[in-house]
Amino acid sequence: LHVLAVGVEGGEPVNLTAGTGLELPRSEVQLNSPLFDISPDGKELAFVADTDPAINVTNADVYTVSIGGKDAVNRSAGNAADDGVPMYSPDGRWLAYAQQRTPGFYGDLRRLMLMDRRGGATREVVGDAWDRSADGLVWAPDSKRLYGTIDDAGSVRVYEIPLEGKPRLITGDETFSSLAIASQAGTMVGLRQTFLEPPTVVRIDPKAGQVTKLSTINDALLAGTALGTYESVTYAGANGKPIQMWVNYPPGFDKSKKYPLFILIHGGPHNAIPNGMQFRWNAQVFGSWGYVTGWPNFHGSSGFGNAFTDSINPQQDALPYKDVIAAAEWFAQQPWIDSNRMVAGGGSYGGYLTSVILGRPHPFKALVAHAAVYNLYTQVAADFGIEIPRFGSFWTPEQQAVFKQISPHYGAANFNTPTLVVHGQRDLRVPVNHGIELYHALQQKGVPSRLLYFPDENHWVLKPANSLTWYREVKAWFDKYNAP
Numbered sequence: 197l198h199v200l201a202v203g204v205e206g207g208e209p210v211n212l213t214a215g216t217g218l219e220l221p222r223s224e225v226q227l228n229s230p231l232f233d234i235s236p237d238g239k240e241l242a243f244v245a246d247t248d249p250a251i252n253v254t255n256a257d258v259y260t261v262s263i264g265g266k267d268a269v270n271r272s273a274g275n276a277a278d279d280g281v282p283m284y285s286p287d288g289r290w291l292a293y294a295q296q297r298t299p300g301f302y303g304d305l306r307r308l309m310l311m312d313r314r315g316g317a318t319r320e321v322v323g324d325a326w327d328r329s330a331d332g333l334v335w336a337p338d339s340k341r342l343y344g345t346i347d348d349a350g351s352v353r354v355y356e357i358p359l360e361g362k363p364r365l366i367t368g369d370e371t372f373s374s375l376a377i378a379s380q381a382g383t384m385v386g387l388r389q390t391f392l393e394p395p396t397v398v399r400i401d402p403k404a405g406q407v408t409k410l411s412t413i414n415d416a417l418l419a420g421t422a423l424g425t426y427e428s429v430t431y432a433g434a435n436g437k438p439i440q441m442w443v444n445y446p447p448g449f450d451k452s453k454k455y456p457l458f459i460l461i462h463g464g465p466h467n468a469i470p471n472g473m474q475f476r477w478n479a480q481v482f483g484s485w486g487y488v489t490g491w492p493n494f495h496g497s498s499g500f501g502n503a504f505t506d507s508i509n510p511q512q513d514a515l516p517y518k519d520v521i522a523a524a525e526w527f528a529q530q531p532w533i534d535s536n537r538m539v540a541g542g543g544s545y546g547g548y549l550t551s552v553i554l555g556r557p558h559p560f561k562a563l564v565a566h567a568a569v570y571n572l573y574t575q576v577a578a579d580f581g582i583e584i585p586r587f588g589s590f591w592t593p594e595q596q597a598v599f600k601q602i603s604p605h606y607g608a609a610n611f612n613t614p615t616l617v618v619h620g621q622r623d624l625r626v627p628v629n630h631g632i633e634l635y636h637a638l639q640q641k642g643v644p645s646r647l648l649y650f651p652d653e654n655h656w657v658l659k660p661a662n663s664l665t666w667y668r669e670v671k672a673w674f675d676k677y678n679a680p
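Just remember that the working numbering sits 196 ahead of the position in the sequence shown, which is counted from 1.
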């Protein structure tokens with residue numbers, strides 16, 4: 197992958213990085229972020245490249261090179277973990293970038309680093325006092341601060357991050373993304389969403405924190421749709437630690453009645469479920485079926501501090517399993533929940549944890565395991581499988597006992613819960629054999645099970661017609677095995 201330039205009037209593209217002997221990283225984690233930037237005077241390129249020549253190790257660093265030049269300079273050479281997201285300040289003095297410090301840990305804290313281009317000195321902007329990752333950044337026109345959309349305790353909030361001083365919270369519990377600032381007037385715009393509001397263009401006053409809605413494209417559709425309500429709750433999870441959870445209530449919710457429960461288990465695991473409109477695993481759709489949904493941000497989730505995110509490594513089953521069971525117990529104590537009609541499910545890591553739950557004690561009448569990591573030994577075939585794992589693989593002595601503890605297939609002797617297994621043929625993140633292995637084990641055990649197979653989908657169900665099929669199949673499964 198290279199950076200190419202082409203004139204606005206057309207012409208032959210010019211490769212700006214080929215002469216350096218470097219290329220941009222191809223890993224998904226890096227591709228999700230900006231990989232290059234051009235200095236305001238148009239004379240310099242900052243870009244991300246993998247410094248480590250080994251094919252099974254990645255160390256992304258930030259380089260700079262003169263436009264048309266070949267001698268690239270590594271600006272983050274002293275860090276063994278990944279660096280990325282280079283951003284020049286509008287006045288050209290500063291080069292900001294994000295830095296992680298734990299090799300092999302994609303969920304590690306992303307620290308905001310600042311290089312003074314007048315002398316090359318680099319420093320961390322905030323430090324350990326602010327235990328949040330610097331994401332979604334844009335420079336203010338005055339080059340004295342940045343603004344970011346920060347994963348923060350179950351929401352993605354807008355923060356001001358001055359070059360000197362502490363970050364300042366600007367917005368509330370809604371989720372924001374795609375910030376942009378007009379270079380002249382300094383007007384800030386972005387996207388806002390909640391569980392009840394699809395992504396909507398808004399204007400954000402960075403001083404007062406006032407948010408003004410600009411787009412109305414979904415208003416008529418939403419006006420004709422019955423929506424529920426939601427709230428954030430905190431309960432005691434594994435080891436008594438507080439766990440934040442989003443609770444969505446169905447339309448017309450009445451606390452004098454009893455409702456079935458669907459606990460949603462998020463993927464990752466090193467991300468969180470924010471207050472946003474999920475188009476897959478949509479709580480409002482489940483609410484329209486009459487379900488209350490709980491979406492816990494269990495141990496390992498992002499936005500609650502780096503120690504909390506890293507707390508499940510390498511034992512990725514234990515704490516999240518306890519957190520989900522504790523969530524079910526919290527709901528069972530609510531007078532408006534029918535504790536005999538609780539179901540659960542998730543995708544990717546959420547499918548993995550669902551498969552773990554399947555083989556252990558739990559209160560759920562039915563489960564949905566989507567793109568589930570079922571057999572950790574065959575997960576070496578995944579699209580990231582060539583990378584040396586942070587804690588070693590199943591053949592390393594220190595990991596052999598861990599794999600036997602955390603791989604869901606070892607719990608197959610205890611499988612007895614009706615389970616809908618979902619997988620896509622084109623899934624490279626969790627290859628399709630996992631779904632087939634899980635389904636076959638359930639069938640051999642005589643457990644009610646169904647395989648929903650999408651030959652034209654990958655790790656996610658993205659095509660609209662397939663999405664409708666997915667929701668229809670999940671509803672039919674619950675109607676059958678969690679009926680009133």
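Built from N, CA and C at the ideal position, the CB exists for glycine as well.
Notebook entry, point to check: Does DSSP classify W526 as helix, strand or coil?
Noted result: helix
Of all the CB atoms in chain C, is at least one closer than 8 Å to the CB of E219? No chain C is present in this structure, which holds just one protein chain.
* Rounded to a whole number of angstroms, what is the C-alpha to C-alpha distance between Y548 and T489? -> 19 Å
- Item | Check whether V397 and S411 have beta carbons under 8 Å apart | yes
- Message: Quick check: what's the CA-CA separation for I234 versus P465?
- Response: Note on geometry: alpha-carbon atoms of I234 and P465 lie some 34 Å from one another.
(message) Buried or exposed for P456, going by 16 or more other Cβ atoms inside 10 Å?
(response) buried
Roughly how many whole angstroms lie between the Cα atoms of Y570 and F599?
Straight-line spacing of the CA atoms in Y570 and F599 works out to 12 Å.
Exercise. Which residue comes first and which comes last in the beta strand (DSSP E) that contains K409?
Worked result: V407 to K409
message = Could you compute how far the alpha carbon of E240 sits from the alpha carbon of L310?
response = 17 Å
Bridge partner(s) assigned by DSSP for G541: Partner(s): L460 and V564.
Would you say P627 and A578 are within 8 Å of each other, going by their C-beta atoms?
-> yes
Practice prompt. Would you identify the three-state DSSP class for E633, choosing helix, strand or coil?
Written response: helix
Per-residue DSSP class, three states only, for G203 = Here G203 sits in strand by DSSP.
DSSP three-state call for L227: helix, strand or coil? Confidence in L227 is poor, its pLDDT being 49 and thus under 50, which makes the residue's placement too unreliable to answer from.
_Spatial distance of P492 from P209 (CA atoms)_ = 48 Å
- Task: Taking all protein chains shown into account, decide if L227 is buried (16 or more other Cβ within 10 angstroms of its Cβ) or exposed.
- Result: Residue placement at L227 cannot be trusted, given a pLDDT of 49 that sits under 50; the coordinates are not used to answer.
Exercise for review: Report the rounded CA-to-CA distance for A608 versus V552, giving the unit in angstroms.
Suggested key: 9 Å
**Report entry** Rounded separation between N629 and S484 - CA only
**Finding:** Cα to Cα, the separation comes out at about 33 Å.
Legend entry - Outcome for Q406 when other beta-carbon atoms lying within 10 angstroms are tallied against a minimum of 16: exposed
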